[in-house]
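Note sheet for the following structure.
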Amino acid sequence: MVLSVLFLVLVAVPLYPELFGLDELPPFTQLVAFRPQGLVLVFALALLMLIRKGWRIAAGLVVLLVLTGAGLTLPRLTNDPQPPLSDTRELTIMVANVLGGGANAGAVAELIRQRKPDLVSLPEAQVDVREEIRAQLQGLQYAGYTDQPTSAVESATSVLVSSTLGAVQVKRDLPTEFGHLLVTGGSLGEVRLIAYHGFPPLPDAVPAWKHDLQQLRRWCAADPPTVIAGDFNATLDHSDFRWAMASNCQSVAPEVGRGFVGTWPTDQPPLLRTQIDHVLATRPIVPGSFAAYEVEGTDHLAVVVRIAVPKGS
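As numbered in the UniProt record's numbering, the sequence shown has no gaps in its residue numbers, which increase by one up to the final residue, 313.
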(Lines of atoms letter the chains of each structure in order from A and count residues from 1; the text may use other names and numbers.)
(Lines give C-alpha, C1' and ligand atoms only; values in the text may rest on other atoms or scores of the structure.)
Protein backbone atom coordinates (compact mmCIF):
# COMPACT_ATOMS: atom_id res chain seq x y z
CA MET A 1 0.00 0.00 0.00
CA VAL A 2 2.82 2.43 0.86
CA LEU A 3 4.55 1.74 -2.44
CA SER A 4 1.24 2.16 -4.28
CA VAL A 5 0.65 5.58 -2.70
CA LEU A 6 4.21 6.64 -3.52
CA PHE A 7 3.67 5.55 -7.12
CA LEU A 8 0.43 7.56 -7.22
CA VAL A 9 2.30 10.66 -6.07
CA LEU A 10 5.00 10.03 -8.67
CA VAL A 11 2.36 9.94 -11.40
CA ALA A 12 0.40 12.91 -10.01
CA VAL A 13 3.36 15.32 -9.94
CA PRO A 14 3.70 15.78 -13.74
CA LEU A 15 -0.08 15.60 -14.26
CA TYR A 16 -1.05 18.05 -11.50
CA PRO A 17 2.09 19.95 -10.51
CA GLU A 18 -0.05 22.81 -9.10
CA LEU A 19 -1.05 20.51 -6.23
CA PHE A 20 2.61 20.41 -5.20
CA GLY A 21 3.48 24.05 -5.95
CA LEU A 22 5.59 23.00 -8.95
CA ASP A 23 3.52 24.24 -11.88
CA GLU A 24 5.65 27.38 -12.29
CA LEU A 25 8.90 25.40 -12.52
CA PRO A 26 10.28 23.88 -15.74
CA PRO A 27 9.61 21.33 -17.08
CA PHE A 28 6.22 21.13 -15.36
CA THR A 29 5.00 24.43 -16.81
CA GLN A 30 5.53 23.02 -20.28
CA LEU A 31 4.31 19.47 -19.56
CA VAL A 32 1.00 20.54 -18.06
CA ALA A 33 0.01 22.13 -21.38
CA PHE A 34 -0.49 18.57 -22.64
CA ARG A 35 -2.40 17.25 -19.62
CA PRO A 36 -5.24 15.62 -21.62
CA GLN A 37 -2.72 13.55 -23.57
CA GLY A 38 -0.95 12.72 -20.31
CA LEU A 39 -4.19 11.46 -18.79
CA VAL A 40 -4.74 9.11 -21.73
CA LEU A 41 -1.17 7.83 -21.54
CA VAL A 42 -1.33 7.22 -17.78
CA PHE A 43 -4.72 5.51 -18.10
CA ALA A 44 -3.27 3.09 -20.65
CA LEU A 45 -0.35 2.42 -18.29
CA ALA A 46 -2.74 1.71 -15.40
CA LEU A 47 -4.69 -0.79 -17.50
CA LEU A 48 -1.47 -2.63 -18.33
CA MET A 49 -0.54 -2.69 -14.64
CA LEU A 50 -3.78 -4.50 -13.80
CA ILE A 51 -2.28 -7.61 -15.42
CA ARG A 52 0.14 -8.00 -12.50
CA LYS A 53 -1.57 -8.90 -9.24
CA GLY A 54 0.97 -7.07 -7.09
CA TRP A 55 0.45 -3.84 -9.02
CA ARG A 56 -3.34 -3.72 -8.88
CA ILE A 57 -3.64 -1.41 -5.86
CA ALA A 58 -1.34 1.12 -7.52
CA ALA A 59 -3.21 0.71 -10.81
CA GLY A 60 -6.56 1.28 -9.08
CA LEU A 61 -5.32 4.48 -7.43
CA VAL A 62 -3.98 5.76 -10.73
CA VAL A 63 -7.26 4.97 -12.48
CA LEU A 64 -9.10 7.02 -9.84
CA LEU A 65 -6.68 9.90 -10.44
CA VAL A 66 -7.24 9.73 -14.20
CA LEU A 67 -11.04 9.52 -13.87
CA THR A 68 -11.02 12.56 -11.59
CA GLY A 69 -8.95 14.46 -14.16
CA ALA A 70 -11.23 13.34 -16.96
CA GLY A 71 -14.26 14.54 -15.04
CA LEU A 72 -12.69 17.99 -14.75
CA THR A 73 -11.69 18.26 -18.41
CA LEU A 74 -14.52 16.54 -20.29
CA PRO A 75 -16.87 19.57 -20.06
CA ARG A 76 -14.57 21.20 -22.62
CA LEU A 77 -15.89 18.59 -25.04
CA THR A 78 -19.47 18.18 -23.86
CA ASN A 79 -20.56 21.80 -23.30
CA ASP A 80 -23.31 22.88 -25.69
CA PRO A 81 -23.48 26.38 -27.19
CA GLN A 82 -26.05 28.59 -25.51
CA PRO A 83 -28.56 30.27 -27.82
CA PRO A 84 -28.07 34.05 -27.92
CA LEU A 85 -30.69 36.22 -26.30
CA SER A 86 -32.96 38.32 -28.48
CA ASP A 87 -31.37 41.60 -27.39
CA THR A 88 -27.85 40.71 -28.57
CA ARG A 89 -25.78 41.39 -31.67
CA GLU A 90 -23.20 39.08 -33.20
CA LEU A 91 -19.48 39.71 -33.59
CA THR A 92 -17.08 37.47 -35.51
CA ILE A 93 -13.47 37.36 -34.33
CA MET A 94 -10.52 35.69 -36.07
CA VAL A 95 -7.05 34.81 -34.77
CA ALA A 96 -4.13 33.78 -36.97
CA ASN A 97 -0.54 33.58 -35.73
CA VAL A 98 1.37 34.15 -38.96
CA LEU A 99 4.75 32.90 -37.64
CA GLY A 100 6.62 36.11 -38.34
CA GLY A 101 5.40 36.20 -41.92
CA GLY A 102 5.86 32.50 -42.64
CA ALA A 103 2.13 32.02 -43.17
CA ASN A 104 0.80 32.27 -46.69
CA ALA A 105 -0.70 35.77 -46.86
CA GLY A 106 -3.09 34.73 -49.60
CA ALA A 107 -4.44 31.88 -47.46
CA VAL A 108 -5.00 34.22 -44.50
CA ALA A 109 -6.74 36.73 -46.79
CA GLU A 110 -8.93 34.01 -48.30
CA LEU A 111 -10.12 32.95 -44.84
CA ILE A 112 -10.93 36.58 -44.06
CA ARG A 113 -12.87 36.88 -47.32
CA GLN A 114 -14.84 33.74 -46.50
CA ARG A 115 -15.68 34.47 -42.87
CA LYS A 116 -15.71 38.30 -42.92
CA PRO A 117 -14.67 38.78 -39.28
CA ASP A 118 -15.21 42.10 -37.53
CA LEU A 119 -11.72 41.89 -36.07
CA VAL A 120 -8.63 39.87 -37.03
CA SER A 121 -5.88 39.37 -34.45
CA LEU A 122 -2.52 38.65 -36.12
CA PRO A 123 0.23 37.68 -33.65
CA GLU A 124 3.76 37.88 -35.11
CA ALA A 125 2.61 40.06 -38.02
CA GLN A 126 4.81 43.08 -38.71
CA VAL A 127 3.52 46.01 -40.75
CA ASP A 128 4.66 44.56 -44.09
CA VAL A 129 2.95 41.23 -43.40
CA ARG A 130 -0.22 42.98 -42.27
CA GLU A 131 -0.30 45.06 -45.43
CA GLU A 132 0.41 42.07 -47.67
CA ILE A 133 -2.67 40.36 -46.23
CA ARG A 134 -4.78 43.50 -46.43
CA ALA A 135 -3.83 44.06 -50.09
CA GLN A 136 -5.40 40.71 -51.00
CA LEU A 137 -8.80 41.30 -49.43
CA GLN A 138 -10.33 42.26 -52.79
CA GLY A 139 -12.53 45.18 -51.89
CA LEU A 140 -13.20 44.35 -48.24
CA GLN A 141 -12.52 47.40 -46.12
CA TYR A 142 -10.19 46.69 -43.20
CA ALA A 143 -8.01 49.19 -41.37
CA GLY A 144 -4.66 47.87 -40.16
CA TYR A 145 -2.68 48.63 -36.98
CA THR A 146 0.51 47.16 -35.51
CA ASP A 147 2.30 47.28 -32.17
CA GLN A 148 5.90 46.03 -32.06
CA PRO A 149 7.65 46.94 -28.78
CA THR A 150 11.02 45.39 -29.73
CA SER A 151 12.95 44.56 -32.89
CA ALA A 152 12.11 40.86 -32.46
CA VAL A 153 9.69 39.70 -35.16
CA GLU A 154 7.64 37.67 -32.68
CA SER A 155 6.95 40.79 -30.60
CA ALA A 156 4.82 42.29 -33.38
CA THR A 157 1.04 42.04 -33.06
CA SER A 158 -1.22 43.40 -35.78
CA VAL A 159 -4.95 43.82 -36.02
CA LEU A 160 -7.31 44.27 -38.94
CA VAL A 161 -10.55 46.07 -38.10
CA SER A 162 -13.56 45.86 -40.40
CA SER A 163 -15.20 49.06 -41.58
CA THR A 164 -18.46 47.61 -40.22
CA LEU A 165 -17.28 48.67 -36.76
CA GLY A 166 -17.21 52.32 -37.77
CA ALA A 167 -14.74 54.91 -36.50
CA VAL A 168 -12.88 52.99 -33.82
CA GLN A 169 -9.90 54.04 -31.72
CA VAL A 170 -6.87 51.75 -31.46
CA LYS A 171 -4.21 52.05 -28.79
CA ARG A 172 -1.95 50.16 -26.38
CA ASP A 173 -2.79 50.50 -22.68
CA LEU A 174 -1.09 48.06 -20.28
CA PRO A 175 2.51 46.88 -20.81
CA THR A 176 3.05 43.32 -22.06
CA GLU A 177 6.23 41.63 -23.29
CA PHE A 178 4.86 41.38 -26.85
CA GLY A 179 2.64 43.82 -28.69
CA HIS A 180 -1.08 44.14 -28.07
CA LEU A 181 -3.77 46.49 -29.34
CA LEU A 182 -6.97 47.76 -27.71
CA VAL A 183 -9.88 48.57 -30.05
CA THR A 184 -12.75 50.70 -28.74
CA GLY A 185 -15.44 53.08 -29.98
CA GLY A 186 -17.37 53.07 -33.22
CA SER A 187 -20.30 50.66 -33.22
CA LEU A 188 -18.69 48.62 -30.44
CA GLY A 189 -20.35 50.81 -27.82
CA GLU A 190 -18.94 49.84 -24.42
CA VAL A 191 -17.33 46.67 -25.76
CA ARG A 192 -13.56 46.64 -26.16
CA LEU A 193 -11.61 44.22 -28.35
CA ILE A 194 -8.00 43.33 -27.58
CA ALA A 195 -5.53 41.67 -29.95
CA TYR A 196 -3.01 39.88 -27.73
CA HIS A 197 0.10 37.69 -27.87
CA GLY A 198 1.29 36.23 -24.59
CA PHE A 199 4.96 35.50 -23.93
CA PRO A 200 5.73 31.75 -24.15
CA PRO A 201 6.60 29.82 -20.95
CA LEU A 202 10.11 28.95 -22.06
CA PRO A 203 12.25 27.30 -19.36
CA ASP A 204 14.18 30.54 -18.77
CA ALA A 205 11.21 32.90 -19.27
CA VAL A 206 8.42 31.77 -16.93
CA PRO A 207 8.48 35.14 -15.03
CA ALA A 208 7.80 37.01 -18.30
CA TRP A 209 4.99 34.57 -19.09
CA LYS A 210 3.46 35.18 -15.65
CA HIS A 211 3.80 38.95 -16.08
CA ASP A 212 1.66 38.87 -19.23
CA LEU A 213 -0.96 36.73 -17.48
CA GLN A 214 -1.15 39.31 -14.69
CA GLN A 215 -2.03 41.95 -17.29
CA LEU A 216 -4.59 39.56 -18.74
CA ARG A 217 -6.22 39.28 -15.32
CA ARG A 218 -6.60 43.07 -15.19
CA TRP A 219 -8.48 43.03 -18.50
CA CYS A 220 -10.71 40.17 -17.39
CA ALA A 221 -11.53 41.86 -14.10
CA ALA A 222 -12.40 45.27 -15.58
CA ASP A 223 -15.96 46.54 -15.95
CA PRO A 224 -16.34 47.11 -19.72
CA PRO A 225 -17.43 44.04 -21.72
CA THR A 226 -14.14 42.75 -23.10
CA VAL A 227 -13.04 40.32 -25.82
CA ILE A 228 -9.38 39.23 -25.92
CA ALA A 229 -8.19 37.34 -29.00
CA GLY A 230 -4.81 35.92 -29.84
CA ASP A 231 -2.05 33.44 -29.12
CA PHE A 232 -1.97 33.17 -25.33
CA ASN A 233 0.79 30.56 -25.08
CA ALA A 234 -1.27 29.08 -22.25
CA THR A 235 -3.93 26.41 -21.89
CA LEU A 236 -6.78 25.83 -19.48
CA ASP A 237 -4.53 23.31 -17.74
CA HIS A 238 -2.22 26.12 -16.61
CA SER A 239 -3.37 27.29 -13.20
CA ASP A 240 -1.90 30.75 -13.90
CA PHE A 241 -4.13 31.04 -16.98
CA ARG A 242 -7.21 29.98 -15.02
CA TRP A 243 -6.27 32.48 -12.32
CA ALA A 244 -5.94 35.22 -14.94
CA MET A 245 -9.39 34.43 -16.30
CA ALA A 246 -10.81 34.42 -12.76
CA SER A 247 -14.60 34.09 -12.71
CA ASN A 248 -15.34 36.79 -15.26
CA CYS A 249 -13.58 35.58 -18.45
CA GLN A 250 -14.57 32.53 -20.46
CA SER A 251 -12.74 30.91 -23.35
CA VAL A 252 -15.11 30.44 -26.28
CA ALA A 253 -13.86 27.03 -27.47
CA PRO A 254 -14.52 24.98 -24.30
CA GLU A 255 -17.78 26.82 -23.70
CA VAL A 256 -19.12 25.46 -27.01
CA GLY A 257 -17.64 21.96 -26.72
CA ARG A 258 -14.50 22.61 -28.77
CA GLY A 259 -11.98 22.76 -25.96
CA PHE A 260 -9.97 19.78 -27.21
CA VAL A 261 -9.22 21.30 -30.61
CA GLY A 262 -5.44 21.64 -30.50
CA THR A 263 -4.25 24.74 -32.32
CA TRP A 264 -0.47 24.19 -31.96
CA PRO A 265 1.87 22.76 -33.21
CA THR A 266 0.41 21.90 -36.60
CA ASP A 267 3.42 19.79 -37.60
CA GLN A 268 2.10 17.17 -35.15
CA PRO A 269 -1.01 14.97 -35.50
CA PRO A 270 -4.18 16.59 -34.10
CA LEU A 271 -4.14 14.34 -31.01
CA LEU A 272 -0.69 15.65 -30.06
CA ARG A 273 -1.59 19.34 -30.23
CA THR A 274 -2.75 21.69 -27.50
CA GLN A 275 -5.05 24.70 -27.52
CA ILE A 276 -3.11 27.92 -26.95
CA ASP A 277 -4.99 30.18 -29.38
CA HIS A 278 -8.08 31.53 -27.66
CA VAL A 279 -10.80 34.11 -27.78
CA LEU A 280 -11.79 35.12 -24.26
CA ALA A 281 -14.96 37.03 -23.50
CA THR A 282 -16.19 38.49 -20.26
CA ARG A 283 -19.70 37.82 -19.05
CA PRO A 284 -22.46 38.51 -20.11
CA ILE A 285 -21.06 38.03 -23.64
CA VAL A 286 -22.36 34.66 -24.93
CA PRO A 287 -20.02 32.29 -26.85
CA GLY A 288 -21.65 31.10 -30.06
CA SER A 289 -19.27 29.01 -32.17
CA PHE A 290 -15.60 28.07 -32.63
CA ALA A 291 -13.91 26.77 -35.78
CA ALA A 292 -10.25 26.12 -36.62
CA TYR A 293 -8.54 26.17 -40.03
CA GLU A 294 -5.21 25.07 -41.47
CA VAL A 295 -3.12 27.91 -42.89
CA GLU A 296 -0.09 27.12 -45.01
CA GLY A 297 3.25 28.24 -43.61
CA THR A 298 2.45 28.61 -39.91
CA ASP A 299 2.58 26.22 -36.96
CA HIS A 300 -0.77 27.47 -35.61
CA LEU A 301 -4.32 26.83 -36.73
CA ALA A 302 -6.33 29.95 -37.39
CA VAL A 303 -9.50 30.18 -35.31
CA VAL A 304 -12.76 31.98 -36.01
CA VAL A 305 -15.40 32.46 -33.32
CA ARG A 306 -18.81 34.05 -33.10
CA ILE A 307 -20.03 35.70 -29.94
CA ALA A 308 -23.25 37.46 -28.96
CA VAL A 309 -22.85 40.85 -27.30
CA PRO A 310 -25.73 42.61 -25.48
CA LYS A 311 -27.05 45.41 -27.68
CA GLY A 312 -26.91 47.88 -24.83
CA SER A 313 -23.17 47.35 -24.40
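We treat Cβ as the ideally placed atom computed from N, Cα and C, and that holds for glycine. Quick caveat: nothing in here was measured; it's all calculated off a predicted structure.
| Item | Value |
| --- | --- |
| Quick one: what's got a C-beta closer than 8 Å to asparagine 248's C-beta in the same chain, skipping five residues either side? | Cys220, Ala221, Thr282 and Arg283 |
| Taking just the CA atoms, how far does histidine 197 sit from valine 206? | 15 Å |
| Does the beta-carbon of glutamate 154, which I'm using as the reference point, lie nearer than 7 Å to any heavy atom of the ligand ATP? | Within the structure as shown, the ligand ATP is missing, as the structure has no ligands at all. |
| Quick check for students: name the residue ranges of the beta strand (DSSP E) that lie wholly in the segment 130–176, counting only runs of 3 or more. | 142–147, 157–162 and 168–171 |
| From the DSSP output, in three-state form, read off proline 225 for me. | coil |
| Measuring alpha carbon to alpha carbon, tell me which residue in Leu193, Leu165 and Leu22 is nearest leucine 140. | Leu165 |
| Looking only at its own chain, which residues have a Cβ that is under 8 Å from the Cβ of proline 157, when we skip the five neighbours before and after it? | Looking at the sequence itself, residue 157 is threonine, so the reference to proline does not match. Closer than 8 Å at the Cβ level, and outside the excluded window around threonine 157, lie Ser121, Leu122, Pro123, Glu124, Ala125, Thr146, Asp147, Gln148, Phe178, Gly179, His180, Leu181, Ala195, Tyr196, His197 and Gly230. |
| So the beta strand (DSSP E) isoleucine 307 belongs to, where does it begin and stop? | 302–310 |
| How is the alpha helix (DSSP H) around proline 240 delimited, first residue to last? | The sequence as given places aspartate at residue 240; proline does not occur at that position. Aspartate 240 -> alpha helix (DSSP H) spans 239–245. |
| Once the 5 residues before and after arginine 192 are set aside, which same chain residues still bring their CB inside 8 Å of it? | Leu182, Val183, Thr184, Pro224, Pro225, Thr226 and Val227 |
| Determine the burial state of threonine 78: buried for a count of at least 16 other Cβ atoms within 10 Å of its Cβ, exposed for fewer. | exposed |
| Can we say the segment 297–313 touches the segment 92–100, given the rule of at least three CB pairs closer than 8 Å? | yes |
| From the DSSP output, read off the bridge partner residues of methionine 94. | Val120 and Val304 |
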